[in-house]
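To keep things clear, I will list the structure first and then write my remarks on it.
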Amino acid sequence: MRRPGHRGLAIGALATIAALLISSCGAGGRPEDGEGGGASDVGVTAESVKVGAHFPLTGVAAPGYSEIPTGTKAYFDYVNANGGVHGRTIDYVYRDDAYNPTNTSQVVNELVLQDEIFAMVGGLGTPTHSAVLDFLNGEGVPDLFVSSGSLLWNQPGKNPQTFGWQPDYEVEGKIIGQYVKQHMPDAKVGLFLQDDDFGDDGEKGARAYIGDQIVAAERYAPGNTDVAPQIAALQAAGADVVIGFNVPSYTALSQLTAMRLNYRPQWIYSNVGSDPALVGSLLSRFSEGKVTDAAMLDGAITTEYLPGVDAPENPWTRLWQKVWDAHGGRGELTNYRIYGMSQAYTFVQALQAAGPEPTREGIVRALEEIGGELRGPAFVPYRYSADSHAGLAGVKVVRIEGDATEDLSQVLVTGNGDTEITEYTEQHAGPPQNGIPNVQPAS
Amino acid sequence: MQQFVNITLNGLSQGAIYAAFALALVLIWRATRIINFAQGAMAMFTTYLALTLIESGQSYWVGFAAALVAGLVLGALVERIVMRPVEGGPELNAVIVTLGLFVAFQALAAILFGATFQSFPAPFGLRGFTVGEFTIAFTPFSVFVIGSVLVVMLALTALFRFTDLGLRMRASAFSQEVSRLLGVRVGRMLTLGWAFAAVVGSLAGLLIAGGNLVHPAYMDAVIVYGFVAAVLGGLESPGGAVAGGLITGLALSYVSGYLGSELVTLAALGILVAVLLVRPRGLFSRVAERRV
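Residue numbers (the UniProt record's numbering), protein chains in the order written: chain A, 1 to 443; chain B, 1 to 292.
Below is the structure:
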C-alpha cells in the first residue's frame with residue numbers, strides 16, 4: 001500500500017495555491033505609479049489625478065453593473081484625449097468586489113493606501129459601500145457619487161466626504177407611490193423587496209402614499225435564487241400591482257417565477273432593476289419554454305432620470321454614442337454604460353469646480369457650494385449643499401414598450417420625508433458642443 | 001390554500017434537485033469513501049459545456065448528452081490525474097484536494113465562460129399546470145426533474161445491491177488491500193466510481209440550470225443543501241438521499257414562504273446540526289453494522 005505522506009499533502013497544497021492564483025487573475029485595474037511636480041494633494045500630480053472605485057465585476061450583481069465602470073472609463077478617456085481637466089488627465093482604477101462587503105473593504109484599502117487615489121468615484125452597492133463608509137471618511141477621502149440610492153450617503157454631519165448621486169430609493173418610492181395612488185386607486189399593491197436598505201427605503205417612500213393599498217410586502221435575501229415562495233405569497237394576497245425594489249437578476253427571476261404560477265399583476269420595477277435590454281437578454285433563452293425575450297417586460301412600469309439608449313436622437317445619447325465609439329471597449333452602448341459616463345461627467349464638473357490646484361477638501365467644498373447649480377445629463381438637478389449630500393432630486397414614471405419607454409408622467413422632483421412632489425419644468429439642456437463641461441472654479 | 005399548495009410543490013421540485021445532487025455525493029461516498037466538495041463545481045463546468053453547445057445551435061438534448069459524457073470523462077480524468085496520488089492515505093488529504101479543485105474549476109469557468117449570469121434553456125414548458133382555475137407551481141419541467149431523479153435512484157440502488165460491479169466498487173472503497181488480494185482491480189473501480197458520480201453530478205447541474213440562470217457559482221447553494229440532504233439520508237442509501245432531498249426542499253420552502261427568505265440558510269444549518277446531534281448516521285441509516 002502506498003504511503004501518501006508528504007507527496008499527497010504537497011499535491012493538495014499545490015492544487016489549492018494554483019486555484020487561488022487562477023482566481024485572483026480576475027481582479028480589475030492595475031495600479032500605476034506617477035510622481036511629479038504640481039501635486040496639490042494625495043493622488044494629484046502635475047499630469048494626472050487618480051480616482052478609484054469598487055464594482056461587482058463577477059457574481060450575483062455583475063450583470064449590468066459590471067458595465068458601469070467601462071462607461072466611466074470611456075468618458076474619462078474622451079476627456080483625457082481632449083486635454084484633460086486643468087491640464088491633468090484622469091487616471092481611473094476600478095476593482096472587483098463581487099458585491100461582497102468583505103472584499104469591498106479589502107479592495108478599497110488597496111485603492112486608498114496602495115494606489116493612493118485622490119477620490120472614490122461611483123463605488124457601487126448599498127451593503128458593499130456601507131462597509132467602507134467609515135474608513136473613507138476617517139481617511140478624509142472624498143467619496144463621490146456612490147452608485148446606490150440608499151439614504152446613507154446623505155449624512156453630511158456624520159460622513160462629510162460622502163455624496164450620493166442617483167435619486168435615492170425613498171424619492172423614487174414616493175414618486176411611484178403617488179403615481180399608483182393617482183392612477184390605480186383601487187389596486188391592491190404587493191411589494192417585492194431586497195432585504196436591505198434598498199428595499200426598506202423604497203418601501204418607506206411608497207408607504208407614504210399608498211400605505212392603505214399595500215396588501216403584502218415580501219423580501220428576498222440576495223443570493224437565494226428561489227423566489228417562488230415570495231411570489232406565491234404575493235399572489236395569495238391578491239396583489240394586482242407589484243412594486244419591485246430589486247436588482248436586475250431578480251427582475252428576471254421574479255418574471256420567470258410569475259410565469260410558472262401564471263401570475264400576471266401590473267409590474268412596477270425601480271429604475272435599478274428594470275433595464276429592458278439586460279432583463280430581456282437574461283430571459284431570451286427561454287423561448288423554448290414559450291416565452292419571447294424582451295416582450296416579457298412589455299407593459300411593466302419603471303422610472304427614468306437619464307436619457308437612455310432608447311432615445312438615440314437625444315443630444316446626450318448622441319454624445320455618449322460618440323464617446324463609446326471612440327473610446328469604448330467591446331460591446332454596445334448600454335444604459336449601464338451611460339450611467340457610468342454620466343457619473344464621470346459629474347466628476348469632471350466637480351474637478352473643474354475644485355480649481356487648478358485641486359485638494360480633497362476643496363472638491364468637497366466646491367460641490368457643497370455649486371453642486372446644486374450643476375446641470376448635466378440628468379433630467380433633474382442635484383440636491384447638493386452644505387446641509388445635503390443627496391443626489392438627483394427626482395424621476396419620471398415611464399412604461400416599457402419593447403426596448404423603448406413611453407412617458408407616463410412629467411419629470412417629478414421631491415426630497416426625503418414630508419417634502420411634497422412637484423413638477424420640474426426647467427428645459428433639459430443638451431451637452432456643451434465639445435461634450436466636456438465647462439464649470440468655473442468655485443470661490 | 002393555493003399558497004400552501006404552491007409552496008409545497010415548489011419545495012418538492014427544489015427538493016428533487018437537492019436529491020439529485022445528494023445522490024452524486026452518496027455514489028462517490030460509497031465508491032471511494034470520501035466527500036467530494038468539487039462535485040458541484042464539476043457539474044457547473046459540464047453544464048457550461050452544454051450551454052456552449054446549445055448556444056452554437058445544437059439542440060437541448062445534444063447539449064444534455066454531451067454534458068453527461070463530459071461528466072464521465074471529467075470524473076475519470078480527475079480521479080486518475082489529481083486524486084490518485086492522495087488516495088489510500090489519510091482521508092483529509094483527499095478532501096482538501098477536492099476543495100482546491102472546487103476553487104480551481106470555478107475560477108476556470110469564470111475565465112472560459114465569463115462570470116455573468118446567463119439563462120439556460122429548458123426542454124419542456126415552464127408554465128405551471130392548470131388545475132381547475134388555479135395554476136399550480138408544477139411545470140412539465142418539474143415532472144422531468146423528478147422523473148430523472150427517481151430513475152437515477154433506482155439505477156444506483158440496483159447497481160450497489162444487485163450487480164457484481166457494485167459489490168466490487170464497495171469492496172474497493174472499504175479495503176483496498178483485501179480487495180486487491182481477492183482479484184478486484186481497485187484502481188479501475190475507483191476511477192469508475194468517480195466517473196459515475198460525476199455523471200450523476202452533471203445531471204444534477206443540468207436539472208438545476210434548466211429554465212433558470214447560471215453563473216460560475218450557481219451550484220454553491222445547491223452544494224450546501226445537497227450536502228444537508230445527503231447527511232439527512234445517511235450518506236449510504238440512494239433512497240435516503242432522495243428522501244433527505246425532498247425533506248430539505250420542503251422544509252426550506254416553508255421557511256422561505258412563511259418565515260422569511262433570509263432564514264433559509266440558517267434553517268439548513270439547523271437541520272444539519274439537529275440531524276448530526278440526534279441521528280448522526282442519518283435518518284435512514286441502518287445500524288452501525290460495519291464500522292471500519
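C-beta: ideal position from N, C-alpha, C; glycine also.
Residue i versus residue j - alpha carbon distance
i                 : j                 : result
Gly329 of chain A : Thr70 of chain A  : 7 Å
Glu373 of chain A : Val411 of chain A : 18 Å
Gly211 of chain B : Ser119 of chain B : 7 Å
Leu408 of chain A : Glu401 of chain A : 12 Å
Phe196 of chain B : Ile146 of chain B : 19 Å
Glu361 of chain A : Ala350 of chain A : 12 Å
Phe347 of chain A : Pro63 of chain A  : 24 Å
Val95 of chain B  : Ile34 of chain B  : 7 Å
Thr130 of chain B : Tyr263 of chain A : 12 Å
Phe145 of chain A : Gly391 of chain A : 8 Å
Thr405 of chain A : Ala300 of chain A : 10 Å
Gly201 of chain B : Ala267 of chain B : 24 Å
Ala353 of chain A : Gly308 of chain A : 27 Å
Gly187 of chain B : Arg170 of chain B : 13 Å
Val151 of chain B : Ala131 of chain A : 48 Å
Leu112 of chain B : Tyr48 of chain B  : 9 Å
Ala393 of chain A : Ala70 of chain B  : 54 Å
Ala67 of chain B  : Val278 of chain B : 39 Å
Ala115 of chain B : Asp164 of chain B : 44 Å
Ala110 of chain B : Gly100 of chain B : 16 Å
Ser172 of chain B : Ser56 of chain B  : 42 Å
Asn137 of chain A : Met341 of chain A : 25 Å
Ser237 of chain B : Ala187 of chain A : 52 Å
Gly140 of chain A : Val380 of chain A : 29 Å
Phe163 of chain A : Val149 of chain B : 53 Å
Neighbourhood of residue i by C-beta, 6 Å cutoff - its chain only, sequence neighbours within 5 removed
i                 : result
Phe124 of chain B : Pro140, Phe141 and Phe144
Val323 of chain A : Ala74, Tyr75 and Tyr78
Leu111 of chain A : Gly52 and Ile117
Asp91 of chain A  : Ser48 and Lys50
Asp197 of chain A : Thr126 and Ser150
Gln106 of chain B : Ala41 and Pro216
Candidates the options, of which the one nearest residue i by Cα
i                 : options                                   : result
Ser281 of chain A : B:Ala274, B:Val5, B:Leu272 and B:Leu213   : B:Leu213
Val279 of chain A : A:Leu297, A:Glu406 and A:His183           : A:Leu297
Val62 of chain B  : B:Thr157, B:Leu206, B:Gly282 and B:Val131 : B:Leu206
Thr135 of chain B : A:Tyr336, A:Phe245, A:Ala258 and A:Leu283 : A:Ala258
Arg95 of chain A  : A:Gln235, A:Gly122, A:His86 and A:Thr89   : A:Gly122
Arg180 of chain B : B:Gly88, B:Gly57, B:Glu79 and B:Trp29     : B:Gly88
Ile436 of chain A : A:Ala344, A:Thr303, A:Asp197 and A:Asn103 : A:Ala344
His183 of chain A : A:Ile338, A:Pro315, A:Asp115 and A:Gln266 : A:Gln266
Gly355 of chain A : A:Ala311, A:Phe135, A:Gly199 and A:His86  : A:His86
Glu67 of chain A  : A:Val398, A:Thr359, A:Ser443 and A:Gly331 : A:Gly331
Amino acids of chain B, ordered along the chain, whose beta-carbon sits closer than 8 Å to that of residue i
i                 : result
Arg219 of chain A : Gly260, Ser261 and Glu262
Asn262 of chain A : Arg127, Gly128, Thr130 and Thr135
Leu256 of chain A : Leu126, Gly211 and Asn212
Beta-carbon proximity list for residue i, same chain, < 8 Å, skipping 5 on both sides
i                 : result
Ala204 of chain B : Ile17, Ala20, Phe21, Leu23, Ala24, Ala43, Val222 and Gly226
Asn434 of chain A : Asn82
Asp275 of chain A : Gly64, Pro248, Thr334, Asn335 and Tyr336
Asn416 of chain A : Leu151, Asn154, Asp168, Glu170, Val171 and Ala390
Ala221 of chain A : Asp195
Gly223 of chain A : Val60
Asn80 of chain A  : Thr89 and Ile90
Sequence-distant residues of the same chain with beta carbon closer than 7 Å to residue i, five excluded per side
i                 : result
Tyr99 of chain A  : Pro56, Gly59, Val60, Ala61, Gly125 and Thr128
Leu234 of chain A : Gly190, Phe192, Ala216, Glu218 and Val242
Chain A residues whose Cβ lies nearer than 7 Å to that of residue i
i                : result
Gln14 of chain B : Asp226
Ile7 of chain B  : Pro229 and Ala232
Partners in chain B for residue i, counting only beta-carbon separations shorter than 7 Å
i                 : result
Asn103 of chain A : Ordered by position in chain B, no residue passes the 7 Å Cβ test against Asn103 of chain A, which lies about 13 Å from the chain.
Thr58 of chain A  : Ala110 and Ala115
Pro63 of chain A  : Thr116 and Phe117
Environment of residue i [buried if 16+ CB atoms lie within 10 Å]
i                 : result
Glu423 of chain A : exposed
Tyr258 of chain B : exposed
Ala158 of chain B : exposed
Val103 of chain B : buried
Gly36 of chain A  : Here the model assigns Gly36 of chain A a pLDDT of 38, short of 50, so the residue's position is not dependable, and the following value carries that caveat. Answer is exposed; the Cβ neighbour count stays below 16.
Listed by chain order, chain A residues near residue i by CB distance under 8 Å
i                 : result
Leu213 of chain B : Thr225, Ser249, Ala252, Leu253 and Leu282
Gly270 of chain B : The premise fails here: Gly270 of chain B is roughly 16 Å from chain A at the closest Cβ pair, so nothing lies under 8 Å.
Residue i: contacting residues in chain B (beta-carbon distance under 9 Å)
i                 : result
Ser66 of chain A  : Ala115 and Thr116
Asp195 of chain A : Gly260, Ser261 and Glu262
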